[in-house]
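Numbering (the working numbering), first residue to last: 10 to 477.
The beta-carbon is built from N, C-alpha and C at its ideal position, and this holds for glycine as well.
Let me begin by presenting the structure, written as structure tokens, before commenting on it.
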Ligand code: SAH
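Given below as structure tokens:
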């Protein structure tokens, strides 16, 4: 390691920046996050700098004595860099000449700022793009309220020291403070819950930590469609209880040492009942663990998230919910199928074709009206019945249908057909993965991955006969 990372206290100390252009402004934006006194030496000031009362325009022309007593010097003026660097070094002041490592005595890391928590990333100038990438990842992992939490910790230090004995117990308290109930409450913006959780952590040392469950939407499959919050929850989980529909690529993003419990429902195979899943969640949370209940798409859309939430809350387990991109939205984006368009449709219905008693009942007459659009979940097996219902209710057999199978995954297929031919298309093409069936959306045939299916006007009667 050639460069040693340190944090420099700049409170009320002078930092001199030579240069008043774009580069200097970029450095000063960062310096403004500190409590430094910022002095600029430049013939002209960038408007962003002159507008800022915290910035002092010390001089137009550089002279070495302007650096006397400064804590740090930045030089952002190509012509002056060597002179400024020499002057700073002669005075023993650390200097950074922008983009000139050979005449700089310090370099500035990439920073993730959750003041007072700051993560600095450096590559000693070898790979700035890599540093940026690492920065983006860490940024995604750290909650935005982290700084607030650290500031609270600071203000509570004396109180905690007077209540919780030094050593293991105090460490356990802070562990709970930063990763358990108090942090969850503060993130939720609930001050009352924060006080309660804090008191619990302060006074209930003997009891095991309170467990909790996060119902997290994993999106339709592409791991990049996870929210930042879902990603963070996966990094923090002790236990992950996941569905069959959650893609392996999403699970890849979870903490390595989290326990993983699959509860996937696979068609035609014995699978856990909802009550058993609820029992697993309760059992794990009662151990004091942070359980992530990871569900395909969004937990509240055909995901039984409400039932799990109710069972947990009835048992006094705190629950929080992280939304996900539901399949109807993810598949539409992937197939480039706008879900609403001016002059086309003013609403879209998300519906399930399956219910616990077979094909789900809907107001078919309303759905069959011209201009109605629906996105059908769990429709592959029931497509024939759905089509029969819509056709009987008067829908035109030529109404466009787009089927998106394994949407957003590498195995995605898009099949374009009509309501009159949907059953035929599903069988001929062998659709077997999870799919969304869009009814009433004219698709853009120019979109590269759409395979048109021949329209069969004759099939309406056949479907109607089969259904009767
Ligand atoms: N909670 C989920 C839906 C679960 S129901 C969500 O919000 O998306 C399961 C149904 O979702 C499947 O039968 C299928 O209709 C749809 N589905 C889930 N993932 C899908 C994918 N990658 N591509 C197409 N459809 C998908």
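Taking only the alpha-carbon atoms, compute the straight-line gap between residue i and residue j and give it to the nearest angstrom.
i           : j           : result
residue 335 : residue 232 : 13 Å
residue 240 : residue 263 : 8 Å
residue 372 : residue 394 : 14 Å
residue 136 : residue 378 : 59 Å
residue 11  : residue 116 : 11 Å
residue 129 : residue 17  : 12 Å
residue 455 : residue 369 : Since pLDDT at residue 455 reaches only 48, below the 50 mark, its modelled position is unreliable, and the value read off the structure follows with that caveat. Residue 455 and residue 369: Cα-Cα distance of roughly 34 Å.
residue 174 : residue 159 : 20 Å
residue 291 : residue 198 : 25 Å
residue 23  : residue 97  : 13 Å
residue 314 : residue 308 : 5 Å
residue 351 : residue 361 : 26 Å
residue 29  : residue 14  : 27 Å
residue 388 : residue 331 : 26 Å
residue 457 : residue 419 : Because residue 457 carries a pLDDT of 42, less than 50, the predicted location of this residue cannot be relied on, and the following value inherits that uncertainty. Distance between the alpha carbons of residue 457 and residue 419: 15 Å.
residue 124 : residue 384 : 45 Å
residue 317 : residue 252 : 13 Å
residue 149 : residue 238 : 8 Å
residue 499 : residue 164 : Since the first and last residues shown for the chain are 10 and 477, residue 499 lies out of range.
residue 402 : residue 448 : 14 Å
residue 222 : residue 327 : 6 Å
residue 186 : residue 367 : 48 Å
residue 142 : residue 381 : 44 Å
residue 343 : residue 68  : 56 Å
residue 151 : residue 44  : 24 Å
residue 258 : residue 78  : 54 Å
residue 46  : residue 20  : 8 Å
residue 281 : residue 323 : 21 Å
residue 228 : residue 269 : 18 Å
Could you check whether residue j and residue i sit closer than 8 Å to each other, using their CB atoms as the reference points?
i           : j           : result
residue 36  : residue 83  : yes
residue 140 : residue 154 : no
residue 190 : residue 206 : yes
residue 267 : residue 246 : yes
residue 302 : residue 255 : no
residue 435 : residue 386 : no
residue 94  : residue 104 : yes
residue 346 : residue 450 : yes
residue 359 : residue 304 : no
residue 488 : residue 71  : As displayed, the chain neither begins before 10 nor continues past 477, which places residue 488 out of reach and without an answer.
residue 333 : residue 306 : yes
residue 432 : residue 392 : yes
residue 416 : residue 339 : yes
residue 51  : residue 80  : no
residue 75  : residue 25  : yes
residue 329 : residue 194 : no
residue 65  : residue 48  : yes
Is residue i near the ligand SAH, judged by its Cβ being under 7 Å from some heavy atom?
i           : result
residue 188 : no
residue 444 : yes
residue 304 : yes
residue 347 : no
residue 416 : yes
residue 150 : no
residue 331 : no
residue 234 : no
residue 37  : no
residue 413 : yes
residue 439 : no
residue 224 : no
residue 311 : yes
residue 229 : yes
residue 394 : no
residue 397 : no
residue 336 : yes
residue 383 : no
residue 124 : no
With DSSP as the reference, identify every bridge partner of residue i, one or two as the case may be.
i           : result
residue 363 : 368
residue 48  : 25, 65
residue 55  : DSSP output for residue 55 lists no bridge partner at all.
residue 271 : 251
residue 358 : 383
residue 445 : 413
residue 329 : 223
residue 242 : Looking at the DSSP assignment, residue 242 forms no beta bridge with any residue, so it has no partner.
residue 82  : 25, 104
residue 122 : 127
May I ask you to check if the CB of residue i is nearer than 7 Å to at least one heavy atom of the ligand GTP?
i           : result
residue 388 : In the structure shown, the ligand GTP is absent; the only ligands present are the ligand SAH.
Contact between the region 425-433 and the region 402-416 is defined here as three or more beta-carbon pairs at a separation below 8 Å; is this criterion met? Flag = yes, the region 425-433 and the region 402-416 touch.
So does the region 52-59 actually touch the region 28-42, counting three or more Cβ pairs closer than 8 Å? With the cut-off at 8 Å, the region 52-59 and the region 28-42 touch.
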